[in-house]
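Residue numbers (my numbering): 1 to 146.
We put the CB at the ideal spot given by N, CA and C, even for glycine.
Beneath this line is the structure, given in structure tokens, with notes to follow.
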């Protein structure tokens, strides 16, 4: 007896196994949705925690790079910049540093040098920068103390 690979349309209607393969039952869909919901309850909190950790890491790296650049500017010119834009204008930085916590380049807190005047002229106005973001990082340190 030869069994055809693709039965004709009228033969498929009479096959008892083809009716069960037509779709999913409500119970099957509910089980799949319950599994997906369980996986999401495990994955989503970890995802948001990793996003916060990455923002902290980007902030710390931007601060480190900018502080290093301010030191290089001081080493080259003998004075600190008057504003952060001076670092961009003189090509020490490509762009102003980005604060990922506040999503801005304008919220930096500028720390001036302690002795702003020296005998041969002003030392500049930007000795250090800190984040102006409110709140604390994931380890409890305030953002303004980074």
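When DSSP labels each residue in this structure, what does residue i get in the three-state scheme?
| i | result |
| --- | --- |
| residue 142 | strand |
| residue 96 | coil |
| residue 88 | helix |
| residue 129 | strand |
| residue 104 | strand |
With distance defined between alpha-carbon atoms, name the residue in the options nearest to residue i.
| i | options | result |
| --- | --- | --- |
| residue 82 | 66, 123, 57 and 47 | 123 |
| residue 126 | 48, 67, 146 and 142 | 67 |
| residue 114 | 128, 103 and 101 | 128 |
| residue 111 | 140, 70 and 92 | 70 |
| residue 73 | 48, 93 and 133 | 93 |
| residue 103 | 24, 59 and 48 | 59 |
How many whole angstroms separate the CB atoms of residue i and residue j, which I take to be in contact at a CB cut-off of 8 angstroms?
| i | j | result |
| --- | --- | --- |
| residue 131 | residue 99 | 6 angstroms |
| residue 96 | residue 105 | 4 angstroms |
| residue 144 | residue 109 | 7 angstroms |
| residue 63 | residue 146 | 6 angstroms |
| residue 101 | residue 133 | 4 angstroms |
Discussion item. Runs of 4 residues minimum, wholly inside the segment 8 to 78: which ones carry the alpha helix (DSSP H) assignment?
Written reply: Taking only runs of at least 4 residues, the alpha helix (DSSP H) segments lying wholly in the segment 8 to 78 are 9 to 12, 16 to 20 and 26 to 77.
Worksheet item: If we count Cβ pairs, one from each stretch, closer than 8 angstroms, do we get three or more for the segment 40 to 59 versus the segment 137 to 146?
Response: yes
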